Amino acid sequence: MMPFPESDVADFLESVEEAVVVEMNSGGQFRGLVQRELGAYGDRLYSLLKYDGNPFEPAEVVDGVRAVITDDPSVAPPTTRLEPTKATNSR
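Residue numbers (the working numbering): 9 to 99.
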């Protein structure tokens, strides 16, 4: 991701209220990269993380997005972790 496509990602984040970053790791590495590069948008990001060695099922992604839209983390799939993030800096 170097060089980071700052303007493309910023344009996308400007067009949405919230964004779910789907990752197959426990640390939210891509979300962290986006936050470092575009800290002003950190409060719009949510991580949907799965790290049990199995790929995401489409329904897990749908349920994770539904959890963000409805603001009800109980509808998130049980095999994943949904976590909101906050901006670490502003630009």
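The beta carbon of each residue, even a glycine, is placed where N, CA and C say it ideally should be. Here the structure is a predicted model, which means the values were calculated and not measured.
So residue 28 packs on residue 73, CB below 8 Å; how close in whole Å?
-> 5 Å
Quick one: Cα of residue 99 to Cα of residue 67, how far?
-> The predicted model places residue 99 with a pLDDT of 43, which falls under 50 and marks its position as unreliable, so this point remains unresolved.
Given 8 Å, three or more beta-carbon pairs between the stretch 74–82 and the stretch 37–50 | no
Just tell me which of 84, 65, 85, 31 has its CA closest to the CA of residue 59.
-> 31
Start-end ranges of the beta strand (DSSP E) lying completely within the stretch 16–99, minimum 3 residues = 27–31, 53–57, 89–92
Length of the line joining the Cα atoms of residue 62 and residue 89 | 14 Å
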